[in-house]
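Numbering (this note's numbering), first residue to last: -9 to 460.
Idealized CB from N, CA, C, for every residue including glycine.
Nothing here was measured: the structure is a model prediction, and the numbers come from that model.
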């Protein structure tokens, strides 16, 4: 295969309107409010707040599989991959419904002594944690679904995040302006950290082991950063007005902050705790989600019925996509490379392609790429290409190239190590022509000599997705 034909197809398709990002819009229940993805069965669950149901969407076909009745006013979902169960927090029902991922049926309902507001799953303890917007944190067993205990936390506990490395859960307490740190091994509070006013949403940075707080105070302009090793505030970062939502970029170790009142996205560097970029949106940005596969952030803008797509490598908005009425809580599906928004006022779920370019526009002859990219830092190593006798005299190798996500050639590649340190961080694709007969190991591309997992071999080409990072 000549890689020029791939570039031509990609470039032509990328020249189309932003509407190409939108895959479809699926009707669900009334007032869709929360989403989560089942990675085992490739299904997406949508909690419908007004009609007390959960709609199950097939991630492969975008079709609705079923709608299941749960407790009254479901407002939060989380997925337990250990037991393949979805936990649904029902605010007015004062209960948590447990949905089997294989059958989509409710298999249990656990009563709690509170009005559930948010929930999260900790894979280390195999427990589900539920806050009630007051002073309680309920702990449910991930296998038996029983209520293990109720832990007293700060007043106005609205937000949650989990740190599975340290086996801890954090609650953002809006009334007393604090974050409670709970040790999941002992089910005990180990610290209470004063933070910026009205902490509402939390996110954990795995690489730097820090927790960041968003706010529900429209007058505030700060994000508090907590060092998880010491449970103390290590920085207070000034951002835009009303920073009410956060997400974590695991490739670049950055946190993206939606500043609702100032129509801005602030980008905080995880190492320095400094704002390294500020992006302006036309309308008020709200909830966000991150795709490590594409290294993109997707920002819901409910007042405009749009989603902004941010390319993290350049910190630029590369698309603004019109979706359903009142998009909320975007959710990423890495299996199908799709993004979902719960459209609260429209009673729909909008489904967006995770990216445009090679991964989305190759014709069917090439088949899908493996969803797990190879992470590359500085050096891209090609090995196992060519005939069994060696690489040096193989003319096929001279045609291996590296394309960026738009399909433009970034550089030609040679057998062995290739220096990619001068390229901008982001998503790239290695394109190599296949031989008439495959070598014993097939074509492989790896970082620093490791075999890549993102290889697809067929009769015409081999494409491997790589993410270049610093």
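- Query: From which residue to which residue does the beta strand (DSSP E) around residue 400 run?
  - Reply: 399 to 402
- Query: Can you give the beta carbon distance from residue 107 to residue 65, rounded, assuming they're within the 8 Å contact cut?
  - Reply: 7 Å
- Ignore the nearest five residues each way along the sequence and tell me which others in residue 157's own chain have a CB closer than 8 Å to its CB. 112, 114, 115, 173, 174, 175
- Assigned exposure category for residue 24 - 16 Cβ within 10 Å defines buried: buried
- Query: What's the gap between the Cα of residue 287 and the Cα of residue 274?
  - Reply: 16 Å
- Query: Whose C-alpha, out of 314, 221, 284, 15, is nearest the C-alpha of residue 290?
  - Reply: 314
- By a C-beta neighbour count over all protein chains shown, 10 Å radius and 16 as the cutoff for buried, is residue 283 buried or exposed? buried
- Report the partner residues of residue 409 according to the DSSP bridge assignment. 369
- residue 186 versus 208, 226, 200, residue with shortest Cα-Cα distance: 226
- Message: Going by DSSP in three states, residue 10 sits in which element: helix, strand or coil?
- Response: helix
- Look at the alpha carbon of residue 305 and the alpha carbon of residue 417, and state the distance between them as a whole number of angstroms. 13 Å
- Bridge partners of residue 168, per DSSP? 163, 184
- For residue 208, the three-state DSSP class (helix, strand or coil): coil
- Message: So residue 127 and residue 147 are supposed to be a Cβ contact under 8 Å. How far apart are they, rounded?
- Response: 6 Å
- Message: Below 8 Å on the Cβ atoms is my contact criterion, and I expect residue 102 with residue 137 to pass it. Report the Cβ-Cβ distance as a whole number of Å.
- Response: 6 Å
- Query: Would you call residue 412 buried or exposed, if buried means 16 or more other Cβ atoms sit within 10 Å of its Cβ?
  - Reply: exposed
- Three-way DSSP call (helix, strand, coil) for residue 323 in this model: strand
- Query: Nearest to residue 79 by alpha carbon, out of 145, 53, 61?
  - Reply: 61
- Look up residue 292 in the DSSP assignment and say whether it is helix, strand or coil. coil
- Message: Using the three-state DSSP reduction, which class does residue 301 fall into: helix, strand or coil?
- Response: strand
- With a threshold of 16 other CB atoms inside 10 Å of the CB of residue 83, please say whether the residue is buried or exposed. buried
- Given a cut-off of 9 Å, decide if residue 44 and residue 88 are closer than it, judged by their beta-carbon atoms. no
- Task: State the DSSP-derived secondary structure class of residue 53, mapped to helix, strand or coil.
- Result: coil
- Message: Using a 10 Å radius around the Cβ and a threshold of 16 neighbouring Cβ atoms, would you call residue 409 buried or exposed?
- Response: exposed
- Message: In the DSSP output, which residue or residues are listed as bridge partners for residue 194?
- Response: 201
- Item | For residue 221, the nearest candidate out of 159, 279, 164 (CA to CA) | 159
- Query: Which residue's Cα is closest to the Cα of residue 163: 153, 152, 154, 190?
  - Reply: 190
- Message: Between the alpha carbons of residue 210 and residue 96, how many angstroms are there, rounded?
- Response: 41 Å
- Go ahead and pull the three-state DSSP assignment for residue 342. strand
- Task: Classify residue 37 as helix, strand or coil using the three-state DSSP reduction.
- Result: strand
- May I have the straight-line CA-CA distance separating residue 456 from residue 390, to the nearest angstrom? 14 Å
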